[in-house]
Amino acid sequence: MDQAFDAVLFDRDGTLIQDVPYNGDPSRVAPMPGARELLRDLRTHGIRTGVVTNQSGIGRGLLTETQVAAVNARVEELLGRFGTWQVCPHHPAEGCACRKPAPGLVFAACAALGVSPQRTLLVGDIGADVAAASAAGAVPLLVPTAVTRPEEVEQAPHTAPDLHAVLEMVR
Ligand SMILES: [Mg+2]
Ligand SMILES: [Zn+2]
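In my numbering, the protein residues as written are 972 to 1142.
Dropping the structure here:
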């Protein structure tokens, strides 16, 4: 990947922070290895950052928007400010245009940052992140975790072992 990027978008759960399913408790937010350093370095290099996250716990009635906002605020306390947050609150059955693998969150994030999807890298941990990036015309980067399925890893056009590898790809 020898392309210049203006922005890096991140999935939240399992990418920026440890995945705690339907977490509404800010005290349970724990950054993934390398996240803090990567965000610091991206900002130093003038690269815009954003978060694109499915939070169907809201639509499922398991989480309130206030809880999600509190968790997101804790993420920014730990990792610094992001240029945009795009959250899909819908239940999967609603068929919205924003829930990944649909591209809606990616389009909205790029518009909010004033960047082209073609010059945006999207880092995620599952196939839906890769698909959302591809559908939007952004460049996907899969950073697998223990729960990422093998076929998702095989099908991803770009993978990295951890977040430490991301900076070199965007510079
Ligand atoms: Mg994830
Ligand atoms: Zn949605």
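Cβ atoms here follow ideal geometry from the backbone N, Cα and C, with glycine treated the same way.
Smallest Cα separation from residue i: which of the options?
i	options	result
Asn1043	Val1000, Gly1017, Cys1081	Val1000
Ala975	Val1114, Pro1088, Ala1104, Val1124	Pro1088
Val1023	Phe1053, Met1003, Gln1126, Pro1128	Phe1053
Gln1057	Gly1066, Asn994, Leu1049, Ala1073	Ala1073
Glu1125	Val1118, Gly1098, Met1140	Gly1098
Glu1139	Asp996, Arg983, Asp1012, Pro997	Asp1012
Leu1084	Leu1049, Arg1031, Arg1007, Thr1055	Thr1055
Arg1019	Val1046, Val1118, Ala1080	Ala1080
Leu1010	Val991, Val1094, Glu1122	Val1094
Thr1037	Gly1021, Val1086, Pro1060	Pro1060
Ala1127	Gly1021, Ala1103, Val1141	Ala1103
Pro992	Leu980, Arg1014, Val1039, Arg1007	Val1039
Asn1025	Asp1096, Glu1122, Val1110	Asp1096
Val1086	Arg1120, Gly1017, Val1101, Glu1065	Gly1017
Val1110	Val1118, Val1101, Ala1117	Val1101
Gly1066	Arg1120, Gly1030, Phe981	Gly1030
I'd like the list of long-range same chain contacts for residue i, defined as Cβ closer than 7 Å, with 5 residues on each side in sequence excluded.
i	result
Pro1063	Ser1027, Arg1070
Gly1158	Missing from the structure shown is residue 1158; the chain here goes from 972 to 1142 and no further.
Met1003	Thr986, Leu987, Ile988, Gln989, Leu1134
Asn994	Val1042
Leu1050	Leu987, Pro1002, Ala1006, Arg1007, Leu1010
Arg1045	Pro997, Val1000
The beta strand (DSSP E) that contains residue i, what's its start and end?
i	result
Cys1081	Unbroken run through Cys1081 is the alpha helix (DSSP H), 1075-1084; no beta strand (DSSP E).
Gly1095	1091-1095
Can you tell me where the alpha helix (DSSP H) holding residue i begins and where it ends?
i	result
Thr1037	1036-1050
Leu1033	Run containing Leu1033: none; DSSP gives neither H nor E here.
Ala1006	1006-1015
Glu1139	1137-1141
In the DSSP output, which residue or residues are listed as bridge partners for residue i?
i	result
Thr1024	Val1058
Pro1111	Leu1093
Leu980	Gly1021, Leu1093
Thr1130	Leu1113
Pro1002	Ile988
Just to confirm my understanding: we take residue i, look at its own chain, exclude 5 residues before and 5 after, and list those with CB closer than 8 Å. What are they?
i	result
Thr1130	Leu1112, Leu1113, Val1114, Pro1115, Val1124
Phe1078	Pro1088, Ala1107
8 Å is my cut-off, CB to CB: does residue i come that close to chain D?
i	result
Asp984	The structure shown contains no chain D; it is built from a single protein chain.
Ignore the nearest five residues each way along the sequence and tell me which others in residue i's own chain have a CB closer than 6 Å to its CB.
i	result
Leu1034	Tyr993, Gly995, Gly1028
Arg945	This structure cannot settle anything about residue 945, because the visible part of the chain is limited to 972 through 1142.
Ala1068	Gly1075
Q: Go through the residues and name those whose CB comes closer than 5 Å to any heavy atom of ligand 2, in chain order.
A: Cys1059, His1061, Cys1067, Cys1069, Arg1070
Q: Quick one: residues with CB closer than 7 Å to any heavy atom of ligand 1, in chain order, please.
A: Asp982, Arg983, Asp984, Gly985, Thr986, Asp990, Gly1095, Asp1096, Ile1097, Asp1100
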